[in-house]
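Note sheet for the following structure.
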Amino acid sequence: MMILDVLLDALLSAMVALGFGMLFNVPRRLLLPVLGAGALGHSLRLVLLWIFPGSLAISTFIACVVVGVYSQLMAIRYRSPAMIFQVTGAIPMIPGALAYEAVLGALALGGLPVSLMDDPLNHLARNFFLASVLLGAITFGIILPSLLFNRRKPVV
Amino acid sequence: MIEDNRPHKPPLDPEALRDAMSLSIWAGQMLLQHGADSARVEETVHRIGTGLGADWMDILVTSDSIVATTVNNHEFRTKVRRAPTRGINMALIDRVSALSYQAASGKLDRFALRARLREMDYLKPEYNRWWIVLAVGLACAAISRFFGGDLAAFGITFAAAALAMALRQELAHHHLNFILVTASTAFVASGLAALGTMTGVSATPSAAISASVLLLVPGVPLINGTKDLINGYPMNGVARGVNALVIVLCIAVGLSAALWITGVTLP
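Structure below.
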């Protein structure tokens, strides 16, 4: 049952990567590894959440490091920029819902007719920092391998 | 006069130096306009310029323009190029990046590189727009499952996001300001999703409504902005972060307007 859950999650996140990959005009020859990046990241995070219950940020970070390594390998294999795999691998994990919850809090504070269940300031702060921590975990995790793999002398 | 013992590449004639300048910054402009991060832009411009015979390049990348100087022996050229954002295009980034390596290894001279860069303007989109509409609808529908939505929410999200994506393409095609495009797309997506859930077919209306607007999520500016912060481009990182924040704000405005009109409340 758990394996089925992971497979379903991988399938769904591959669909997310496909949609955003096509939206971002990813070259057709890279579509398969891009689907792999999407499926790998989000489903691995699901597994990690079972191992480390309640720590979304840590699970996200570890999953993103793995996607980062995957992106480096695919960049070598397909001779193309790693960022294509990094971005599409990270997209399913982007905390879009938290970000917009935070903005709803901001709009409510600004006096717009937004119905919230809790205090607007609390709503804004909590969701904003949750989203920021997740976003930092995603981005730092995903580019950490490239920082370690290619330590070139700076060009300037 | 101090004697200069540093090694130089062979001197370039004025045309060759001008081409090293203009072709490298042109490639950088394309990358910056279509969603590359600052480090990639700087490295690519440097790679092309030195590949075409310059001794050195100094490149200043901002969030929407590039200033660069080529140096060859004691001659130098400086150029400014504006690069306002034109939407994400990974195929173009892939091609220009490959061209830069070919120029660096000497496989492409300046005439061939100019011809190849000009081809980029006529690059056809990789996918038909209706396939993109379909795929984006499915992507948002998949996200509604992540939010715990049921099968009816999946269908509602698919329809709402796909229709909103078609609208977004149409509005962007007519060069409407991106703030208006984002807010009206968010309004239509969440409005359609709210209307769909008002029929009562789905037990999880909020999953459908909040997933339907996620086709607008500024994933690339957020990732590139954080990348820029980590790679030592704090100004560009902040600028991209502000850009992403404005887009999120537009989404929220469109969404709350739709909820207000339909009278649906999100728990």
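In order, the protein sequences belong to chains H and L. Here the first sequence is numbered in this note's numbering, starting from 1 and rising by one per residue. Here the second sequence is numbered in this note's numbering, starting from 1001 and rising by one per residue. Glycine included, C-beta positions come from ideal geometry on N, C-alpha and C.
Cβ neighbour criterion (16 or more within 10 Å) applied to I1143/L: Stepping through the second sequence from its first residue, residue 1143/L is reached at position 143. Classification for I1143/L: buried.
Interface flag, R28/H vs chain L, CB-CB below 8 Å: Start at 1 with the first residue of the first sequence, and residue 28/H comes out as number 28. Under the Cβ criterion of 8 Å, R28/H is counted among the residues facing chain L.
Cβ-based neighbour list, V1096/L, same chain, cut-off 8 Å, excluding 5 preceding and 5 following: Locating residue 1096/L in the second sequence gives position 96, counting from the first residue. Hits under 8 Å: A1027, M1030, L1031, T1044, L1117 and M1120.
Reference Y100/H; option with closest CA among R1077/L, D1058/L and A1186/L: Here residue 100/H refers to the residue found at position 100 when the first sequence is read from its first residue. The shortest C-alpha separation from Y100/H is found at A1186/L.
Straight-line Cα distance separating G1087/L from H1173/L: Looking up residue 1173/L in the second sequence gives position 173. Looking up residue 1087/L in the second sequence gives position 87. Rounded to the nearest whole angstrom, the CA to CA distance from H1173/L to G1087/L is 12 Å.
Alpha-carbon spacing of L105/H relative to G1219/L, whole angstroms: Taking the first sequence and counting its residues from 1, one reaches residue 105/H at position 105. Taking the second sequence and counting its residues from 1, one reaches residue 1219/L at position 219. With the sequence shown as reference, residue 105/H is identified as Gly, and Leu is not the correct amino acid for it. Cα to Cα, the separation comes out at about 21 Å.
Any alpha helix (DSSP H) of 4 or more consecutive residues that is wholly inside the segment 1042-1108 of chain L: With a minimum length of 4 residues, the continuous alpha helix (DSSP H) runs that stay inside the segment 1042-1108 of chain L are 1090-1104.
Span of the alpha helix (DSSP H) around P184/H: With chain H covering 1 to 156 only, the question about residue 184/H has no answer from this structure.
Where L112/H sits in the DSSP three-state scheme: If you number the first sequence from 1, residue 112/H lands on position 112. DSSP places L112/H outside both helix and strand once states are collapsed to three, so it counts as coil.
N- and C-terminal bounds of the alpha helix (DSSP H) containing R1110/L: Within the second sequence, residue 1110/L is the residue found at index 110, counting from 1. Note, R1110/L: alpha helix (DSSP H), R1110 to E1119.
Complete alpha helix (DSSP H) runs within the segment 52-89 of chain H (minimum length 4 residues, chain order): Those alpha helix (DSSP H) runs which fall completely within the segment 52-89 of chain H and span 4+ residues are 56-78.
Test: P53/H CB closer than 8 Å to a CB of chain L: Along the first sequence, read from residue 1 onward, the residue named residue 53/H stands at position 53. Not one chain L Cβ lies under 8 Å of P53/H.
8 Å Cβ cutoff, D1013/L in contact with chain H: Here residue 1013/L corresponds to residue number 13 of the second sequence, with the count starting at 1. No, D1013/L does not count as interfacial toward chain H.
Contact belief for A1091/L with G1053/L at Cβ below 8 Å, rounded distance in angstroms: Here residue 1091/L corresponds to residue number 91 of the second sequence, with the count starting at 1. Here residue 1053/L corresponds to residue number 53 of the second sequence, with the count starting at 1. About 29 Å separates the Cβ atoms of A1091/L and G1053/L, ruling out a contact at the 8 Å cut-off.
Own chain partners of L1060/L with C-beta closer than 8 Å, once the 5 adjacent residues on each side are dropped: Your numbering for residue 1060/L matches position 60 in the second sequence. In the same chain as L1060/L, and ignoring 5 residues on each side of it, the C-beta atoms closer than 8 Å to its own belong to I1066, V1067 and A1068, in chain order.
Short CB-CB distance (under 8 Å) between D1055/L and chain H: For this step, residue 1055/L is matched to residue 55 along the second sequence. When Cβ-Cβ separations below 8 Å define contact, D1055/L makes no contact with chain H.
Min CB distance P145/H to chain L below 8 Å: Here residue 145/H corresponds to residue number 145 of the first sequence, with the count starting at 1. No, P145/H does not count as interfacial toward chain L.
A1153/L versus V1181/L: straight-line alpha-carbon distance, rounded: One-based indexing of the second sequence puts residue 1153/L at position 153. One-based indexing of the second sequence puts residue 1181/L at position 181. A direct Cα-to-Cα measurement between A1153/L and V1181/L gives close to 25 Å.
Beta-carbon proximity list for L1214/L, same chain, < 6 Å, skipping 5 on both sides: As a first step, residue 1214/L is located in the second sequence; it is residue number 214 there, counting from the start. Within the same chain, C1140 and I1143 come within 6 Å of L1214/L by CB-CB distance, once the 5 residues on both sides are set aside.
Cutoff 8 Å: K1079/L Cβ touching any chain H Cβ: Against the second sequence, residue 1079/L aligns to sequence position 79. Judged by the 8 Å Cβ criterion, K1079/L is not in contact with chain H.
Collapsed DSSP secondary structure at M1001/L in the structure displayed: Sequence index remark: in the second sequence, residue 1001/L carries index 1 (1-based). Note that M1001/L has pLDDT 49, beneath the 50 cutoff, so the model's placement of it is unreliable and no number is given.
Below-8 Å beta-carbon distance, N1089/L vs any chain H residue: One-based indexing of the second sequence puts residue 1089/L at position 89. Against chain H, the CB of N1089/L has a partner CB under 8 Å away; the residue lies at that interface.
With 16 other Cβ atoms within 10 Å as the buried cut-off, status of E1170/L: Taking the first residue of the second sequence as 1, we reach residue 1170/L at position 170. That one is exposed.
Y1233/L in three-state terms, based on DSSP: Here residue 1233/L refers to the residue found at position 233 of the second sequence. Coil at Y1233/L, not helix or strand.
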